[in-house]
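Undergrad:
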Amino acid sequence: MLRGGRRLRVFVSVLLILSSMYLLAQPASAESKLSETRRKLRATRAKLADVRQDDAALLAVIRQLGGQLSSVRVALRNAEAILARIEANIRGQERRLAAMEAQRQERAAIVRERARTLYIMGPSVEAEALLGSSSLSEFIERTESLDQAMRSDRVLMDELARISDQATKLKASLSRERVKAAAIRQGVAERAAELGEILSVKQEAEGELGSQINAYQREVAALEREQARILAIIRSKQTHSTGPISKKGFIWPFRGPITSDYGPRWGGFHTGIDINCETGDRIVAAKAGKVIAAEWGGGYGRMIIIDHGNGVSTLYAHNSALYVSEGRTVARGQRISACGETGNATGDHLHFEVRINGDHTDPKPFLP
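Quick note on numbering: the sequence shown equals residues 5 to 372 in my numbering.
#1: Report all residues from its chain with a CB closer than 8 Å to the CB of A131; omit the five preceding and five following residues, and keep chain order.
#2: Considering Cα atoms alone, identify which of A219, R339, R77 and K206 is closest to R286.
#3: Which two residues bound the contiguous alpha helix (DSSP H) that contains K241?
#4: Who are the near neighbours of A298 in its chain, counting only those whose CB is closer than 7 Å to its CB and skipping five residues on each side?
#5: Closer than 6 Å by C-beta to A32: which residues in its own chain qualify, once you throw out the five before and the five after it? Chain order, please.
#6: By DSSP, does A103 sit in helix, in strand, or in coil?
#7: Three or more C-beta pairs under 8 Å: does that hold for the stretch 92-110 against the stretch 171-180?
#8: Using 8 Å as the Cβ pair cut-off and three pairs as the minimum, do the stretch 196-211 and the stretch 256-266 touch?
#9: According to DSSP, is E345 part of a helix, a strand, or is it coil?
#10: Quick one: Cα of Q231 to Cα of T275, how far?
#11: What does H274 pair with, by DSSP beta-bridge criteria?
#12: State the Cα-Cα distance for the pair I114 and R158, rounded to the nearest angstrom.
#13: Verify the contact flag: Q221, CB atom, against every heavy atom of the ligand SAM, threshold strictly below 7 Å.
#14: Run through the DSSP bridge pairs and tell me what W300 is partnered with.
#15: Check each candidate in G347, T318 and H322 and name the one with the smallest Cα separation from H364.
#16: I'd like to confirm the pairing. Which residues does DSSP put opposite E357 in its beta bridges?
#17: Just grab the DSSP bridge partners of N314 for me.
#18: Out of curiosity, what's the CA-to-CA distance linking Q2 and N348?
#19: Which residue marks the beginning of the beta strand (DSSP E) containing T365, and which one marks its end?
#20: Name the residue from I237, C343 and A165 whose alpha carbon lies nearest to the alpha carbon of V288.
#21: Work out the CA separation of V65 and K241 for me, nearest whole Å.
#22: Taking A225 as the reference, which of Q68, H353 and Y304 has the closest Cα?
#23: Taking the continuous beta strand (DSSP E) assigned at I249, which residues delimit it?
#24: Excluding the 5 residues preceding and the 5 following P369 in the sequence, name in chain order all residues of the same chain whose CB lies nearer than 8 Å to its CB.
#25: For G302 and V76, I'd like the C-alpha separation in whole angstroms.
#26: Just the Cα atoms here: how many angstroms apart are M25 and L213?
#27: Taking C-beta to C-beta, are C281 and F254 nearer than 8 Å?
#28: Sorted by chain position, which residues of the same chain lie with C-beta nearer than 6 Å to I94's C-beta, five sequence neighbours on each side aside?
#29: With a threshold of 7 Å on Cβ separation, who are the neighbours of S245 within its own chain once the five nearest residues in sequence on each side are excluded?
#30: Check the DSSP bridge columns for T333 and list the partner residues they point to.
#31: For K291, which option in R336, L69 and G267 has the closest C-alpha, if you only look at C-alpha atoms?
#32: Do I277 and P367 have their beta-carbon atoms positioned less than 8 Å apart in this structure?
#33: So is T333 buried or exposed if we call it buried at 16+ other beta carbons inside 10 Å?
#34: In terms of DSSP beta bridges, what is I114 paired with?
#35: When DSSP builds the beta bridges, which residues end up paired with I340?
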């Protein structure tokens, strides 16, 4: 139903906040953006708590938040996929590093054992090979064996150096991957937190919409309960139609946005239109005529009915004050009441009806 002008301005600011949100695809580079988004979400939640929006406004907020949820869910899935790849790469590098370390230890053990043996044998190893040989060919064979062992040791030392160099490079790469993983992991946490906040605000807006619909349905039900009495007042006091109905000559009783149209809505039927205004705003006669009711109208609150002749009448409901009385003739544009929220109303607004021979009809075709 209707809300005050201040409330409408608050809703516009809510939409501006939501429309300014932009989510980057890479979580590691979006940290500042995400922090700003969460700040704006908190502002949106505060505004939802401060003011009850009309149903169209809340639907717009819910749709906007739904789009944000979809974007964040996609970004979160992308970030989790990137993190999974990085973590798999880290595990692979750790396995390679462990295998290289095992190779290094194995070869280092061989080199240490060779060095220990040579140390024990001392510098006279070649002389002992000569003296211990029974022939020249045996000496040559022993000397060649020693040379081969020395060459093998050099190969082992070279391989140890290569393994150590590769391990150093792999450790540096692993360190970089871990830093990258930490940044991505932080981004995933940011996305998950943002997702939770957006979902929470969306649920609040949906809850507010549910409350708004319930309040609207109560208001419409209260108006429907008064229909027989309103119809009786009009038919007993107004002039009846004697010819074609003219829609000319009407003005707006208050110039403001329509926040609830004529017709079926949320399971009820709205017999007029709701025009946004704030308590105390000046309400004027939509056309010249005679006041046939200025009284308490139950669910309509303080109401005025004006007969404009030829079976046409207008009704002004939920007023905070009435400035004319029954039987008085009023001019078009004359002040007749002040906007309010008396009766069964969900907020300050003007409920405006046009009736033909007592039956309600859509007022909008009568308004310029």
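Glycine included, C-beta positions come from ideal geometry on N, C-alpha and C.
For clarity, every value in this text was computed on a predicted model and none was experimentally measured.
TA: The answer reads as follows:
#1: Here residue 131 is taken as the residue at index 127 of the sequence shown, counted from 1. Reliability of the predicted coordinates at A131 is poor, the pLDDT of 46 falling under 50, and the value obtained from them is presented with this limitation in mind. Annotation for A131: no residue places its beta carbon closer than 8 Å to its own, counting only its chain and skipping 5 residues before and after.
#2: Against the sequence shown, residue 286 aligns to sequence position 282. Per the C-alpha coordinates, the member of A219, R339, R77 and K206 positioned closest to R286 is R339.
#3: For the purposes of this step, residue 241 is taken as residue 237 along the sequence shown, with counting starting at 1. Annotation: the continuous alpha helix (DSSP H) that includes K241 extends over Q231 to K241.
#4: The residue you call residue 298 lines up with position 294 of the sequence shown. In chain order, I308, L326, V328, S329 and E330 place their CB closer than 7 Å to the CB of A298, counting only its own chain and leaving out the 5 sequence neighbours on each side.
#5: In the sequence shown, the residue the question calls residue 32 occupies position 28. Note that A32 scores a pLDDT of 42, beneath 50, so its modelled location is shaky; the value from the coordinates is reported in the next line. Close CB contacts of A32 within its chain, under the 6 Å cut and outside five residues either way in sequence, are with A187, I188 and G191 (chain order).
#6: On the sequence shown, residue 103 is found 99 positions in, with the first residue counted as 1. In the displayed model, A103 falls within a helix according to three-state DSSP.
#7: In short, these stretches touch, since the Cβ pair count reaches three.
#8: Short answer: they don't touch.
#9: On the sequence shown, position 341 is the one that residue 345 refers to. Assigned with DSSP and collapsed to three states, E345 falls in coil, not helix or strand.
#10: For the purposes of this step, residue 231 is taken as the residue at position 227 of the sequence shown. For the purposes of this step, residue 275 is taken as the residue at position 271 of the sequence shown. Spanning the two alpha carbons is a distance of roughly 9 Å.
#11: Position 270 of the sequence shown holds residue 274. G267.
#12: For the purposes of this step, residue 114 is taken as the residue at position 110 of the sequence shown. For the purposes of this step, residue 158 is taken as the residue at position 154 of the sequence shown. Within the model, the alpha-carbon separation for I114 versus R158 is close to 12 Å.
#13: This structure simply doesn't include the ligand SAM, nor any ligand for that matter.
#14: Along the sequence shown, read from residue 1 onward, the residue named residue 300 stands at position 296. Partner(s): R306.
#15: As a first step, residue 364 is located in the sequence shown; it is residue number 360 there, counting from the start. Closest by alpha carbon: T318.
#16: For this step, residue 357 is matched to residue 353 along the sequence shown. Beta-bridge pairing links E357 to L319.
#17: In the sequence shown, residue 314 corresponds to position 310, counting from 1. Answer is none; N314 lacks a bridge partner.
#18: Outside the modelled stretch of the chain, which goes from 5 to 372, sits residue 2, for which no answer is possible.
#19: As a first step, residue 365 must be located in the sequence shown, where it is residue number 361. Counting along the chain, the unbroken beta strand (DSSP E) around T365 starts and ends at D363 to T365.
#20: Numbered from 1 along the sequence shown, position 284 holds the residue referred to as residue 288. Ranking I237, C343 and A165 by Cα distance to V288 puts C343 first.
#21: Here residue 241 refers to the residue found at position 237 of the sequence shown. Here residue 65 refers to the residue found at position 61 of the sequence shown. Straight through space, the alpha carbons of V65 and K241 are spaced by roughly 46 Å.
#22: For the purposes of this step, residue 225 is taken as residue 221 along the sequence shown, with counting starting at 1. When each option's Cα is compared against that of A225, the closest is Y304.
#23: Within the sequence shown, the letter at position 245 stands for residue 249. Run containing I249: none; DSSP gives neither H nor E here.
#24: Taking the first residue of the sequence shown as 1, we reach residue 369 at position 365. Closer than 8 Å at Cβ, skipping near neighbours: K251.
#25: One-based indexing of the sequence shown puts residue 302 at position 298. One-based indexing of the sequence shown puts residue 76 at position 72. Each residue's Cα considered, the two are about 49 Å apart.
#26: For the purposes of this step, residue 25 is taken as residue 21 along the sequence shown, with counting starting at 1. For the purposes of this step, residue 213 is taken as residue 209 along the sequence shown, with counting starting at 1. Here the model assigns M25 a pLDDT of 43, short of 50, so the residue's position is not dependable, and the following value carries that caveat. Cα to Cα, M25 sits roughly 22 Å from L213.
#27: Walking along the sequence shown from the start, residue 281 turns up at place 277. Walking along the sequence shown from the start, residue 254 turns up at place 250. Their beta carbons are not under 8 Å apart, which means C281 does not touch F254 by this criterion.
#28: Sequence index remark: in the sequence shown, residue 94 carries index 90 (1-based). Within the same chain, I94 has close Cβ partners E181.
#29: For the purposes of this step, residue 245 is taken as the residue at position 241 of the sequence shown. The residues N314, G315, I360 and N361, in chain order, have a CB closer than 7 Å to that of S245 in the same chain once the five nearest residues on each side in sequence are set aside.
#30: The residue given as residue 333 occupies position 329 in the sequence shown. BP columns for T333 point to K294.
#31: Counted from its first residue, the sequence shown places residue 291 at position 287. It is R336 whose Cα lies nearest to the Cα of K291.
#32: Start at 1 with the first residue of the sequence shown, and residue 367 comes out as number 363. Start at 1 with the first residue of the sequence shown, and residue 277 comes out as number 273. Yes, these two residues count as a Cβ contact at 8 Å.
#33: Residue numbering aside, residue 333 sits at position 329 when the sequence shown is read from its first letter. Of the residues assessed, T333 falls on the exposed side of the cut-off, its CB having fewer than 16 other CB atoms within 10 angstroms.
#34: To locate residue 114, count along the sequence shown from 1; it is residue 110. DSSP lists no partner for I114.
#35: Here the question's residue 340 lines up with position 336 in the sequence shown. Paired residues: none, contrary to the question.
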